[in-house]
Amino acid sequence: MSLIGEAAQAKPAVDAIKESTDAGFMADVIEASRIQPVIVDFWATWCGPCKQLTPFLEKAVRAAGGAVKLVKIDVDKNPVFAGQLRVQSIPTVFAFDGGKPVDGFTGALPESQVKAFVDKLIKAPAVSEIDELIAQARESLDLGDIGGAAQGFAEALQIAPDNLDAIGGLARCYLAGGDTERAAEVAAMAPEGAKNPDLASVRAALALAAAAPSDTGEAERRLAADPGDHAARAELAASLAAKGKLAAAADQLLDLIARDRDWNEGAARAQLLQVFEAAGQGSDITRQGRRRLSSILFS
Numbered sequence: 076m077s078l079i080g081e082a083a084q085a086k087p088a089v090d091a092i093k094e095s096t097d098a099g100f101m102a103d104v105i106e107a108s109r110i111q112p113v114i115v116d117f118w119a120t121w122c123g124p125c126k127q128l129t130p131f132l133e134k135a136v137r138a139a140g141g142a143v144k145l146v147k148i149d150v151d152k153n154p155v156f157a158g159q160l161r162v163q164s165i166p167t168v169f170a171f172d173g174g175k176p177v178d179g180f181t182g183a184l185p186e187s188q189v190k191a192f193v194d195k196l197i198k199a200p201a202v203s204e205i206d207e208l209i210a211q212a213r214e215s216l217d218l219g220d221i222g223g224a225a226q227g228f229a230e231a232l233q234i235a236p237d238n239l240d241a242i243g244g245l246a247r248c249y250l251a252g253g254d255t256e257r258a259a260e261v262a263a264m265a266p267e268g269a270k271n272p273d274l275a276s277v278r279a280a281l282a283l284a285a286a287a288p289s290d291t292g293e294a295e296r297r298l299a300a301d302p303g304d305h306a307a308r309a310e311l312a313a314s315l316a317a318k319g320k321l322a323a324a325a326d327q328l329l330d331l332i333a334r335d336r337d338w339n340e341g342a343a344r345a346q347l348l349q350v351f352e353a354a355g356q357g358s359d360i361t362r363q364g365r366r367r368l369s370s371i372l373f374s
C-alpha cells in the first residue's frame, strides 16, 4: 500500500450508541464525556414516547459521524443515577460534556428539534477540530508532505464524512501522488453538483489527464519543425497538462494566444482557463497566467 493509502486508510467504525447501567455510568458517561460529548437517554420499555424519541436520537447521533455518543439507560433496571439527576418523567435526555451535564430536555421532541439539540452540542468543538485538521493538512500539502496531509484530511473525514474541504483535500493528495484513479474515487464522495475550490481543481485536472496522451514527443517534433504550428502547440500543452505540468502547459497556451489570440475560435483560451482551474484560482500559476493573459489581450 502507498504512503497515502496507509495514511488515509479509514479507521474501523465504532458504534456511537450503547446501552449502559448504573454500574457503568461513571465510565460510559462521566469519563467518556471528558473526551467527547455524551447524550444520555433515560427510558423504559413500557414508555410510548420513548419509543418515538429514541430512533430520532440514534439517527442524529449516527449522522454526527462519531462527534458525539449516545448512552441509553433503562430507569426500571437502573434507578440510581436517574434519581440523582432528579428524572421525574421519561423520556428525559441529558447532554454531558467535560464530566458534567450541560443541556437536556424532557418528553418526545420532533425529529428536527432532536437534530438541532445534537447539532448544538457538537457544533463548536466539531467545527473547531475539523478546521484545525484541514488547516494543518493544507499546510503539509503546501510543504510537499503528501502523506501527512492525507492523514489530516482523512481524520477530518472521520469526524465529518461529508465535509467538502476534507474530500477535496484528500483527492488533491492522491492527485499530487500521481494516483488519478484514487483521486477520482475520493472526489466522487462529494454530492453531485457540490461546489468546492479543491474539488473543482481536482476534477479539472482529472479531465485534463483523461483528454490527452502524456507523450509530448510528437508535438515537440512538429513545433521544432514549425514554431507556427498552433495545433501542435495546443497538443503539447494538453500533453503537459495531462502529466500535471500545469505551469509549462500554461506557458505554451499563452505563447499560442500571443501568436494568434483567436486561433480555432478561442480554443486556446478555453484550454488555458481549464489549466487555471486545475491549478487552483489562488495558485501562482493562475495569478501570473492571468496577468500575462491580460497583457496579451489588451496590449
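Every number in our numbering is 75 more than the matching position in the sequence shown, counting from 1.
The beta carbon of each residue, even a glycine, is placed where N, CA and C say it ideally should be.
What you are looking at is a predicted structure, and each value in this text was computed from that prediction instead of being measured.
Item, Value
"What residues in its chain sit with their C-beta under 6 Å from that of I371, if we drop five residues either side in the sequence?", "I332 and A333"
"When you compare the CB positions of A259 and A246, do they come within less than 9 Å of one another, or not?", "yes"
"Could you please give the first and the last residue of the uninterrupted alpha helix (DSSP H) stretch that includes P272?", "P272 to A286"
"Helix, strand or coil for G22? Go by DSSP, reduced to three states.", "With the chain covering 76 to 374 only, the question about residue 22 has no answer from this structure."
"In whole angstroms, give me the CA-to-CA distance for T167 and C248.", "45 Å"
"Go ahead and label Q163 buried or exposed: buried means 16 or more other beta carbons lie within 10 angstroms of its beta carbon, across all protein chains shown.", "exposed"
"Can you round the beta-carbon distance between A142 and Q111 to whole angstroms, since I take them to be within the 8 Å contact cut?", "7 Å"
"Helix, strand or coil: how does DSSP classify I110 here?", "coil"
"Expressed to the nearest angstrom, what Euclidean distance is found between the alpha-carbon atoms of D178 and E267?", "37 Å"
"Which same chain residues, not among the five before or five after I105, have their C-beta less than 6 Å away from its C-beta?", "G174"
"Assuming the contact rule is C-beta atoms closer than 8 Å, E94 and F131 should be a hit. Round their C-beta distance to whole Å, please.", "Going by Cβ atoms, the distance from E94 to F131 rounds to 17 Å, so no, they are not a contact pair."
"Whose C-alpha, out of Q233, G140, G219 and P272, is nearest the C-alpha of G355?", "P272"
"Is the beta carbon of A139 sitting closer than 9 Å to the one on D194?", "yes"
"Output the boundary residues of the alpha helix (DSSP H) element that contains K126.", "G123 to A138"
"Going by other Cβ atoms of all chains shown within 10 Å of its Cβ, with 16 needed for buried, is T361 buried or exposed?", "buried"
"Go through the region 320-363 residue by residue and report every complete run of the alpha helix (DSSP H) that reaches 4 residues or more, in order.", "321-334 and 342-354"
"Between G244 and the rest of its own chain, which residues show a CB-CB distance below 6 Å, the 5 nearest in sequence each way excluded?", "A212, F228 and D273"
"By how many angstroms is the C-alpha of T129 removed from the C-alpha of A98?", "22 Å"
"Exposed or buried, S108, counting other C-beta atoms within 10 Å across all chains shown (16 or more means buried)?", "buried"
"Counting along the chain, where does the alpha helix (DSSP H) carrying L314 start and finish?", "Residue 314 is actually Ser in this sequence, not Leu. Note, S314: alpha helix (DSSP H), H305 to A317."
"From the DSSP output, in three-state form, read off D291 for me.", "Sequence inspection shows Thr at residue 291; the Asp mentioned does not correspond to that position. In the structure shown, T291 sits in coil (DSSP, three-state: anything other than H, G, I, E or B)."
"To which residues of the same chain is L347 closer than 6 Å at the C-beta, ignoring the five residues directly before and after it?", "L328"
"In chain order, which continuous runs of the beta strand (DSSP E) of length 3 or greater are located wholly inside the region 154-179?", "167-172"
"Assuming the contact rule is C-beta atoms closer than 8 Å, A235 and I205 should be a hit. Round their C-beta distance to whole Å, please.", "6 Å"
"By Cβ distance below 6 Å, which residues in the same chain neighbour A279 in space, the five residues on each side in sequence not counted?", "Q349, E352 and A353"
"Where P288 and K147 are concerned, what is the direct C-alpha to C-alpha distance, given to the nearest angstrom?", "58 Å"
"Keeping to the same chain, check which residues put their C-beta closer than 8 Å to that of R184; ignore five residues upstream and five downstream.", "Reading off the sequence shown, one finds Leu at residue 184, where the question assumed Arg. Cβ neighbours of L184 beyond the five flanking positions: L128, F131 and F192."
"For the beta strand (DSSP E) that contains L245, what are its first and last residues?", "Counting along the chain, L245 falls outside any beta strand (DSSP E), though it belongs to the alpha helix (DSSP H) covering L239 to A251."
"Are L196 and A170 closer than 9 Å when you measure CB to CB?", "yes"
"When the Cα atoms are used, what is the spatial distance from D240 to L216?", "13 Å"
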